[in-house]
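Each residue of the sequence shown is one higher than the last, beginning at 1091 in our numbering.
Where is the CB? At the ideal position from N, CA and C, for every residue including glycine.
Computed from a predicted model, the values in this text were never measured in an experiment.
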Amino acid sequence: MLFSEISGNEKLLTKLKLEVQSGRIPHARMISGHEGDAKLRIALAYVQYLMCENRTEDDSCGVCKACVKNVKLIHPDVHFSFPVVPKKSGDKPTSNDYLTEWRKAVLADQHLNSVDWLNKINAENKQGNITAEECKSILGKLGLKPFESDKRILLMWLPEYLGAVGNSLLKIMEEPPDKTYFVLVTGKMENILPTILSRVQLNRVFAYSSSEIKAELIKLDVDENMADNLSFMSVGNLNSAIKLIDHSHEAFDPTEHFKQWMRYCFKYQIPDIIKWTDVTAALGRENIKAFLSYSLSLVRECLATRMSPDYEIKLGEKEAEFIRNFSRALQFTNIETLYIEINRTIGEIERNANPKITLLNLSIELGTAFTRPKKAQSLT
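So this is what it looks like as structure tokens:
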């Protein structure tokens, strides 16, 4: 990964390059961000820049032996650690057991999240972890001499999955062997051991802007109008935007699906709500989250339209017409309930709650909120 391939975060990229050029490289760095941003891309580009044999002031060369191997994630002196699950009862898994799958997943998508990854390794309901066995493996790897470079790097993806066993790494993180570097990439810094946090230099990654997401989507051959809509809906989350593209390829219309849902809730049609729940639950956990995040963007537009009739809706005409009609049917308390309950449900889905039960509960909560202040009315 080259720095030039990354959109946004120019100040952070410049800082990383200057530190390498000056030789003032922290032995442990944490790159922190949110879901769907460029944090993993930045970490991979930084590692490649560190290992490059002919780096320039602006970037790694991309063609030396080290760069070629880093692009393929196969440099022998760059080690990867990430959450894994036992393949069978009694296993003590390490990242090495899943290294082929990891490389394939990351080469296909540098914006994947933990659920994407665990789905790829068929974790089902198992909880991913960076295990005590993995910590022993890390100590063993970093105790060896470098094979091809004068440096060794450990890139740990999602150190929030590192429990109390992570304390076994504290000594080597604080006093690593010469030219040994830790690069930690996290989406939930609040879940990381304080003892780990105290030993790293923290770098925060900003979410993608709408224009940056639009540019990335256009690279994927998304037409400009859809790219405009998705860049707004995804709220800085490129992962979410790409999943919404996948829906469109399956003739899934998120606006129509949301509109249908709101009609059922507004009229409190329980049989239709149950059918809608069954269809939505079948989309899969990450696609449900993408749809609910999209729903939040529609709710925000409804609020802005309700507060200011002259507000210019930042979506296509089809979506804008629905928002104008729907916002007239809502009270401010309804909009608040929508926003709070959908946000809560996203959190529950992230924590592996049963999608069908969670979505049914959400729909009933919304239906109750709609019918409480006045009788059910048509959205048309």
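Asked	Found
In chain order, each beta strand (DSSP E) run of at least 3 residues that lies wholly inside the segment 1219-1274	1242-1247
Min CB distance glycine 1253 to chain B below 8 Å	Chain labels in this structure do not include chain B; a single protein chain is all it has.
When Glu1302, Lys1349, Tyr1139, Met1263 are compared against isoleucine 1286, the one with the closest alpha-carbon	Met1263
Start and end residues, alpha helix (DSSP H) containing valine 1205	1204-1210
Nearest to tyrosine 1384 (by Cα), restricted to the options Val1325, Val1369, Lys1408	Val1325
Cβ shell of phenylalanine 1460 (< 8 Å), same chain only, five flanking positions each side left out	Cys1355, Phe1356, Tyr1358, Asn1424, Ala1466
From Arg1441, Asn1442, Ala1156, Thr1435, residue whose alpha carbon lies closest to that of asparagine 1451	Thr1435
At least 3 beta-carbon pairs within less than 8 Å: the segment 1147-1162 vs the segment 1299-1318	no
Alpha-carbon to alpha-carbon, alanine 1380 and threonine 1438	It should be pointed out that residue 1438 corresponds to glutamate in this sequence rather than to threonine. Glutamate 1438 and alanine 1380: Cα-Cα distance of roughly 14 Å.
Separation of threonine 1146 from lysine 1269, as counted between CA atoms	20 Å
Chain-order list of residues whose beta-carbon lies under 8 Å from that of leucine 1189 (same chain, five-residue window excluded)	Phe1170
Segment contact flag, the segment 1241-1261 with the segment 1161-1175, C-beta cutoff 8 Å, min 3 pairs	yes
Serine 1122 (DSSP reduced to helix, strand or coil)	strand
Sheet register partners of arginine 1289 (DSSP bridge)	Note: arginine 1289 sits in no beta bridge, so no partner.
Nearest candidate by alpha-carbon position, reference leucine 1307, set Thr1184, Leu1130, Ser1330	Ser1330
Rounded separation between histidine 1165 and isoleucine 1115 - CA only	20 Å
Beta-carbon proximity of tyrosine 1136 to leucine 1163, cut-off 8 Å	no
Contacts around asparagine 1144, its chain only, beta-carbon distance under 6 Å, and the 5 residues preceding and following it disregarded	Cys1151, Cys1154
Residue closest to threonine 1276, alpha-carbon to alpha-carbon, out of Leu1260, Ser1258, Phe1296	Phe1296
Proximity test, isoleucine 1425 beta-carbon vs the ligand SAH heavy atom, cut-off 7 Å	Within the structure as shown, the ligand SAH is missing, as the structure has no ligands at all.
Own chain, CB closer than 6 Å to histidine 1339, minus 5 neighbours either side, in chain order	Confidence in histidine 1339 is poor, its pLDDT being 47 and thus under 50, which makes the residue's placement too unreliable to answer from.
Three-way DSSP call (helix, strand, coil) for histidine 1347 in this model	helix
CA-to-CA distance, lysine 1408 to isoleucine 1096, given in whole angstroms	32 Å
Pairwise C-alpha distance: glycine 1256 and methionine 1055	The structure shown does not extend to residue 1055, since the chain spans only 1091 to 1470, so no value can be given for it.
Minimum C-alpha distance to tyrosine 1050 - residue among Lys1182, Tyr1298, Ile1282, Asp1240	Residue 1050 lies beyond the residue range present for the chain, which begins at 1091 and ends at 1470; the question has no answer from this structure.
Outcome for leucine 1320 when other beta-carbon atoms lying within 10 angstroms are tallied against a minimum of 16	buried
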